[in-house]
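Asks:
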């Protein structure tokens with residue numbers, strides 16, 4: 076896996092400009108092509124056409140010209156573009172439809188979007204551009220929460236031994252080749268609660284946990300090998316417990332600035348209703364989150 080084409084979606088909010096800056100930094104490291112998309116959403120003027128009359132098209136053009144001028148100024152600013160030439164694309168439609176369509180048109184290897192401050196969980200539930208991309212796209216999505224000050228220095232990859240986990244490890248190396256890489260697997264012991272109810276001793280359950288951990292560690296090494304990452308280039312961590320809480324705890328205690336996770340398939344609507352680990356980490360983590368779909 077290699078990055079050839081980045082796509083950043085921006086609405087000129089501060090968080091989406093963080094994504095623009097992160098895209099410039101990633102593109103500057105490997106000669107990656109870089110496209111920036113702004114969705115004008117001019118269809119919102121439709122209800123006003125009866126009032127604007129013949130001026131409706133003029134108003135639309137003025138909006139388009141003003142946004143193009145502002146975005147051009149931002150993208151040509153040498154203090155932020157790091158020498159990378161970005162292609163600017165403005166579309167009349169809304170972001171929810173234009174981002175995935177344009178990503179397909181240019182065959183983007185990675186889509187970057189900004190997370191709009193607090194209340195991120197609510198925005199997912201109400202249907203944001205991010206949730207639509209996670210629901211419909213097979214392309215990796217980097218949700219940028221923090222200002223871009225430097226390359227990622229410590230990346231936590233949540234590994235569940237799926238094909239998405241292999242791709243997640245590979246993508247982590249692509250976005251920041253020199254970062255410290257921590258591969259985390261969180262496990263539980265099947266039927267542990269029922270075993271306790273049945274009176275099975277803590278010693279026996281503890282042995283089950285040790286065996287489960289050893290199996291998981293072996294699988295973790297095999298997954299890293301499948302991703303073609305040398306054992307010297309990562310730290311393997313296996314924890315017992317709730318996956319969401321363990322991921323967030325490791326993020327905090329190890330001071331990670333990026334979490335990378337896999338998501339299975341595209342039926343994200345079910346995950347929203349049931350409360351997936353991906354969903355919870357996106358909502359609660361402080362660092363950027365990269366989601367890779369298998």
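Numbering (our numbering), first residue to last: 76 to 369. Glycine included, C-beta positions come from ideal geometry on N, C-alpha and C.
1. Which stretch, first to last residue, makes up the beta strand (DSSP E) that contains residue 311?
2. Taking just the CA atoms, how far does residue 216 sit from residue 209?
3. Measure the alpha-carbon distance for residue 229 versus residue 287 and round it to whole angstroms.
4. Helix, strand or coil for residue 145 per DSSP?
5. Could you check what DSSP says for residue 113 in three-state terms: helix, strand or coil?
6. How about residue 219 and residue 187: are their beta carbons less than 8 Å apart?
7. Specify the secondary structure class of residue 286 as computed by DSSP and reduced to three states.
8. Here's the rule: buried if 16 or more other CB atoms are within 10 angstroms of the residue's CB, otherwise exposed. What is residue 222?
9. Please classify residue 260: does DSSP put it in a helix, a strand, or coil?
10. Where do the ends of the beta strand (DSSP E) carrying residue 104 lie?
11. Quick one, are the C-beta atoms of residue 323 and residue 311 less than 8 Å apart?
12. For the segment 99-119 against the segment 159-169, do three or more pairs of beta-carbon atoms, one drawn from each stretch, fall closer than 8 Å, so that the two count as touching?
13. Determine whether the beta carbon atoms of residue 115 and residue 139 lie at a separation below 8 Å.
14. From which residue to which residue does the alpha helix (DSSP H) around residue 248 run?
15. Return the bridge partner residues of residue 229 from the DSSP annotation.
16. From residue 290 to residue 236, what distance separates their C-alpha atoms?
17. Quick check on DSSP: helix, strand or coil for residue 300?
Replies: A quick look at the data gives this:
1. 310-315
2. Spanning the two alpha carbons is a distance of roughly 8 Å.
3. Distance from the CA atom of residue 229 to the CA atom of residue 287, rounded to whole angstroms, is 27 Å.
4. Looking at residue 145 - three-state DSSP - the assignment turns out to be helix.
5. strand
6. Cβ distance < 8 Å, so residue 219 and residue 187 count as in contact.
7. helix
8. exposed
9. strand
10. Where residue 104 is concerned, there is no enclosing beta strand (DSSP E), although the alpha helix (DSSP H) it sits in stretches over 89-105.
11. no
12. yes
13. yes
14. Residue 248 -> alpha helix (DSSP H) spans 238-250.
15. 255
16. 12 Å
17. helix
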